[in-house]
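Quick mapping for you: the protein sequence lines, in order, are chains C and F.
For the first sequence, counting from 1, position 11 maps to 11 in the UniProt record's numbering; every step adds exactly one.
For the second sequence, counting from 1, position 101 maps to 101 in the UniProt record's numbering; every step adds exactly one.
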Amino acid sequence: MAEITLVQAVTQALAHEMQADPRVIVYGEDVGINGGVFRATEGLQERFGSARVLDTPLAETMIAGIAVGMAVQGLRPVAEFQFMGFIYPALDHILSHAGRFRNRTRGRLSCPIVYRAPYGGGIHAPEHHSESTEALFAHIPGLRLVVPSSPARAYGLLLAAIRDPDPVIFLEPKRIYRAVRQEVPDSGQALPLDCAFVLREGSDITLIAWGAALKETLEAAELLAADGIQAEVIDPATLKPLDIHTIIDSLEKTHCCVVIHEAARFCGLGAEVVAQINEYAFDLLEAPVQRVTGYDTVMPYYQLEAEYLPGVARIVAAVKEVRDYAKGRGL
Amino acid sequence: MHKPRMQPLASFDIASLQYLDERGQTTQTLPDFATPDSLIAHYRQMSLARMVDGRAVKMQRTGQLGTYPSSLGQEAIGVGVGAAMGEEDVYCPNYRETGALLERGVAIEEIYAIWGGDERGQNFRHAREDLPLSVPIATQILHGAGVAFALKYKNAHLNEPARVAVASGGDGATSRGDFYEAINLAGDWKLPLVVVINNNQWAISLPRSEQTACKTLAQKAIAAGIPGLQVDGNDVIAVRQAVSDAVVLARNGGGPSLIEAVSYRLCDHTTADDASRYQSEETLRAAWSREPLVRLRTYLDGAGLWGDNQEEELQRELTQILEQGVRNYRETPRDAATAMFDHLYATLPEAFLEQYQQLQGGD
Numbered sequence: 001m002a003e004i005t006l007v008q009a010v011t012q013a014l015a016h017e018m019q020a021d022p023r024v025i026v027y028g029e030d031v032g033i034n035g036g037v038f039r040a041t042e043g044l045q046e047r048f049g050s051a052r053v054l055d056t057p058l059a060e061t062m063i064a065g066i067a068v069g070m071a072v073q074g075l076r077p078v079a080e081f082q083f084m085g086f087i088y089p090a091l092d093h094i095l096s097h098a099g100r101f102r103n104r105t106r107g108r109l110s111c112p113i114v115y116r117a118p119y120g121g122g123i124h125a126p127e128h129h130s131e132s133t134e135a136l137f138a139h140i141p142g143l144r145l146v147v148p149s150s151p152a153r154a155y156g157l158l159l160a161a162i163r164d165p166d167p168v169i170f171l172e173p174k175r176i177y178r179a180v181r182q183e184v185p186d187s188g189q190a191l192p193l194d195c196a197f198v199l200r201e202g203s204d205i206t207l208i209a210w211g212a213a214l215k216e217t218l219e220a221a222e223l224l225a226a227d228g229i230q231a232e233v234i235d236p237a238t239l240k241p242l243d244i245h246t247i248i249d250s251l252e253k254t255h256c257c258v259v260i261h262e263a264a265r266f267c268g269l270g271a272e273v274v275a276q277i278n279e280y281a282f283d284l285l286e287a288p289v290q291r292v293t294g295y296d297t298v299m300p301y302y303q304l305e306a307e308y309l310p311g312v313a314r315i316v317a318a319v320k321e322v323r324d325y326a327k328g329r330g331l
Numbered sequence: 001m002h003k004p005r006m007q008p009l010a011s012f013d014i015a016s017l018q019y020l021d022e023r024g025q026t027t028q029t030l031p032d033f034a035t036p037d038s039l040i041a042h043y044r045q046m047s048l049a050r051m052v053d054g055r056a057v058k059m060q061r062t063g064q065l066g067t068y069p070s071s072l073g074q075e076a077i078g079v080g081v082g083a084a085m086g087e088e089d090v091y092c093p094n095y096r097e098t099g100a101l102l103e104r105g106v107a108i109e110e111i112y113a114i115w116g117g118d119e120r121g122q123n124f125r126h127a128r129e130d131l132p133l134s135v136p137i138a139t140q141i142l143h144g145a146g147v148a149f150a151l152k153y154k155n156a157h158l159n160e161p162a163r164v165a166v167a168s169g170g171d172g173a174t175s176r177g178d179f180y181e182a183i184n185l186a187g188d189w190k191l192p193l194v195v196v197i198n199n200n201q202w203a204i205s206l207p208r209s210e211q212t213a214c215k216t217l218a219q220k221a222i223a224a225g226i227p228g229l230q231v232d233g234n235d236v237i238a239v240r241q242a243v244s245d246a247v248v249l250a251r252n253g254g255g256p257s258l259i260e261a262v263s264y265r266l267c268d269h270t271t272a273d274d275a276s277r278y279q280s281e282e283t284l285r286a287a288w289s290r291e292p293l294v295r296l297r298t299y300l301d302g303a304g305l306w307g308d309n310q311e312e313e314l315q316r317e318l319t320q321i322l323e324q325g326v327r328n329y330r331e332t333p334r335d336a337a338t339a340m341f342d343h344l345y346a347t348l349p350e351a352f353l354e355q356y357q358q359l360q361g362g363d
């Protein structure tokens with residue numbers, strides 16, 4: 001079996017579900033003949049026709065809004081935004097409507113929508129192309145927020161997202177769209193939502209990261225292992241609702257934690273993770289949880305993006321600080 | 001000074017439609033649907049809408065309802081739109097549409113529940129596929145475009161019957177990108193969508209004259225490449241005819257239409273507003289002389305189809321219906337506190353179980 005990239009796994013999942021379910025409609029800007037700016041929908045229009053794979057006029061509010069109408073009529077729209085930085089005009093429909101229809105109508109109407117967007121920095125894109133503002137969506141009731149970090153998880157989680165009866169924001173870490181190849185059988189097997197994945201087991205510290213930041217986090221874990229520190233690495237994958245149990249189970253072993261994300265720190269998701277750890281697992285901690293994040297700045301143009309993104313050195317330094325604190329307490 | 005020579009490339013007209021003028025006189029031969037029975041039925045529904053509306057304002061004043069947006073003066077639009085739609089079509093309403101909701105079969109107590117702060121009011125018992133009322137402006141027109149796409153897709157590919165989406169909005173809605181993005185897409189994709197703009201002359205305190213430099217709102221259709229028509233929104237016959245034509249066109253694959261129905265908001269924006277701050281008494285008085293109920297009643301009287309006896313009987317019948325609706329609303333027990341989680345997701349995620357149990361304890 002050929003190995004495929006994360007973006008190819010997205011295409012594979014879309015194709016599988018379009019084949020299986022005639023209600024699945026894929027649309028967005030340039031997703032048709034062009035196959036999407038990142039080629040996530042490559043070949044789909046050729047295979048499924050222009051009635052199901054549609055290029056839209058350039059209007060993100062519209063892209064988000066029509067999904068609501070399609071979904072309440074029983075279709076399964078999968079809408080692509082070209083970049084997360086372009087999603088802001090669409091927020092009104094995602095936050096004010098998609099996330100609320102089920103509740104507002106007391107279950108009469110629901111919005112089984114997947115809003116897909118490539119997100120994050122590190123690909124030398126222009127301004128407004130590299131944001132990582134997932135916390136905006138995580139804060140909003142009624143939404144699910146899913147971020148895959150490998151080809152296999154992209155395939156399995158996207159299938160789950162399309163089959164989910166509620167709206168899902170599916171953010172694809174574009175920096176690692178083509179960084180890793182994996183064999184991903186086209187089995188139609190979905191992965192569970194609302195469930196964290198332990199990517200690496202360890203007993204000394206828990207590292208929590210998602211999306212592209214897992215690349216540096218796993219590299220840091222390797223470096224730390226050479227120094228005798230065994231890091232457990234957790235990918236929450238579904239950022240909302242958050243599977244705090246897997247994190248707490250890990251803290252039972254490690255008693256130390258660092259959260260890594262490339263979004264700005266203030267009110268970033270790391271803050272929620274730390275708050276929940278404090279609520280449910282304070283007694284397990286031997287040191288305060290540290291965050292390694294992007295800065296509370298505008299995402300810089302690409303000449304400075306390496307300084308902005310949390311790199312291996314910052315993660316290793318934070319881990320050592322946490323470990324030193326714990327040792328200093330003599331625990 | 002040099003004046004460049006230019007050739008006209010395209011030109012457009014905007015038509016208007018009216019059957020009954022301000023004095024209740026016919027201005028042209030009435031359409032076939034305008035039988036005595038159907039006109040009386042429209043008069044009845046408009047009267048009911050006005051009563052339901054008036055009681056809502058009173059109930060707000062006595063603390064039995066929250067903020068309520070009256071549709072006093074716009075009864076002909078709601079009833080005309082509702083009557084023109086097929087039961088199987090899908091209505092995507094804005095928030096000021098009591099008349100259309102009643103015509104669609106939404107119960108009086110459901111309308112009161114919505115404004116009485118109970119989401120169960122949007123769980124329409126008799127309009128299961130209609131969208132809930134939209135408080136944000138113009139968003140429902142985009143949802144209507146999505147519904148129209150789904151209906152067209154299901155008709156073409158899943159062997160479902162041809163159906164139409166009808167979305168309504170106020171004059172203020174035409175200033176929003178959502179409105180334009182919806183009609184632009186609907187034109188491009190030839191969607192079975194009818195957009196009805198309820199031009200009641202006011203977006204809260206902003207008059208229609210300051211909403212846009214356009215002479216008509218109907219002409220906004222031209223930019224989207226779709227038909228646009230202005231109708232007298234105080235003439236239920238004109239509204240029904242125009243919407244009906246647009247629905248038939250859409251159902252037969254002819255694509256979307258935009259209809260501007262010109263009426264007047266004879267009330268405050270909502271019960272939390274005081275329109276006397278921004279509109280003159282003269283304007284309001286003049287608007288009352290064009291209002292839709294008296295106009296149709298005058299016509300019916302003149303045609304020998306109506307009289308004081310029928311009016312009294314109708315008022316008695318509608319009062320009973322209204323009182324039953326009020327009772328049903330008042331007697332509905334409060335929703336369970338846990339309902340706010342019950343309908344948030346199809347299945348409650350484990351992450352929210354603790355909060356759910358907290359609410360259960362507080363019940």
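The beta carbon of each residue, even a glycine, is placed where N, CA and C say it ideally should be.
Around the beta carbon of P36(F), fewer than 16 other beta carbons lie within 10 angstroms, which makes this residue exposed.
In the three-state reduction of the DSSP assignment, T41(C) falls in the coil class. Uninterrupted beta strand (DSSP E) stretches at least 3 residues long and entirely within the stretch 50-90 of chain C occur at 53-55 and 76-80, given in chain order.
For I108(F), no pairing in a beta bridge is given by DSSP. A direct Cα-Cα distance of roughly 7 Å separates H143(F) from A67(C). Following the DSSP letters along the chain, one finds T293(C) inside the beta strand (DSSP E) bounded by residues Q290 to G294. For the set L218(C), R175(C) and Q230(C), the Cα lying nearest the Cα of T5(C) is the one of R175(C). Boundaries of the alpha helix (DSSP H) harbouring D342(F): A339 to D342, taken from the DSSP string. Beyond the five residues adjoining it in sequence on each side, R100(C) comes within less than 8 Å, by CB distance, of P141 and G142 in the same chain, given in chain order. Counting C-beta pairs closer than 8 Å gives fewer than three between the stretch 184-198 of chain C and the stretch 256-263 of chain C, which falls short of the contact rule. F48(C) sits buried, since 16 or more C-beta atoms from the chains shown fall within 10 Å of its C-beta.
Of V37(C), K240(C), P148(C) and A40(C), the smallest CA-CA separation from E272(C) is found for K240(C). Using beta-carbon distances, N103(C) counts as an interface residue toward chain F, with a partner under 7 Å. If you draw a 10 Å sphere on the C-beta of Q45(C), you find 16 or more other C-beta atoms in it, and that means buried. A Cβ-Cβ separation of about 5 Å places I259(F) in contact with L229(F) under the 8 Å criterion. Residues of the stretch 66-95 of chain C with a Cβ closer than 9 Å to any Cβ of chain F, in chain order: I66, A67, V68, G69, M70, A71, V72, Q73, G74, L75, P77, P89, D92 and H93. Within the same chain, Cβ atoms closer than 7 Å to the Cβ of T216(F) are found at I14, Q230 and E260, the five residues on either side in sequence being excluded. In the three-state reduction of the DSSP assignment, T254(C) falls in the helix class.
Taking a C-beta distance under 7 Å as the contact criterion, L242(C) and A351(F) qualify as a contact pair.
In terms of Cα proximity to A59(C), the closest of T246(C), E29(C) and V289(C) is E29(C).
In this structure, the straight-line span from the alpha carbon of K152(F) to that of F282(C) is close to 55 Å. As for any alpha helix (DSSP H) of minimum length 4 sitting wholly inside the stretch 191-259 of chain C, the runs are 213-226 and 244-254, ordered along the chain. The alpha-carbon separation between V166(F) and G86(F) amounts to approximately 10 Å.
Restricted to the stretch 34-114 of chain F, the alpha helix (DSSP H) segments that are unbroken, complete and at least 4 residues in length are 36-61, 75-84 and 98-103, listed in chain order. Using a CB distance cut-off of 7 Å, D166(C) counts as an interface residue toward chain F. Look at the stretch 239-261 of chain C: the residues with a C-beta under 9 Å from a C-beta of chain F are K240, P241, L242, D243, I244 and H245. The beta carbon of V72(C) sits closer than 6 Å to the beta carbons of L109 from its chain, once the five residues preceding and following it are set aside; these are given in chain order.
A straight line joining the alpha-carbon of I315(C) with that of Y308(C) spans about 13 Å. The alpha-carbon of V274(C) is positioned some 11 Å away from that of L285(C). The C-beta of N309(F) has fewer than 16 other C-beta atoms within 10 Å across all chains shown, which makes the residue exposed.
When DSSP reads this structure, G233(F) sits in no beta bridge, so it has no partner. Excluding five sequence positions before and after P31(F), the CB atoms of its chain that fall closer than 6 Å to its own CB belong to Q241, given in chain order.
Taking 8 Å as the cut-off between beta carbons, the residues of the stretch 142-171 of chain F near chain C are L142, H143, G144, A145, G146, V147, A148, F149, A150, L151, Y153, K154, A156, H157, L158 and A165, in sequence order.
Nearest neighbour of G65(C) by Cα position, chosen from A150(F), Q64(F), S47(F) and W202(F), turns out to be A150(F). Residue pairing from DSSP leaves F101(C) without any beta-bridge partner.
For R5(F) and S11(F), the gap between their C-alpha atoms comes out near 17 Å.
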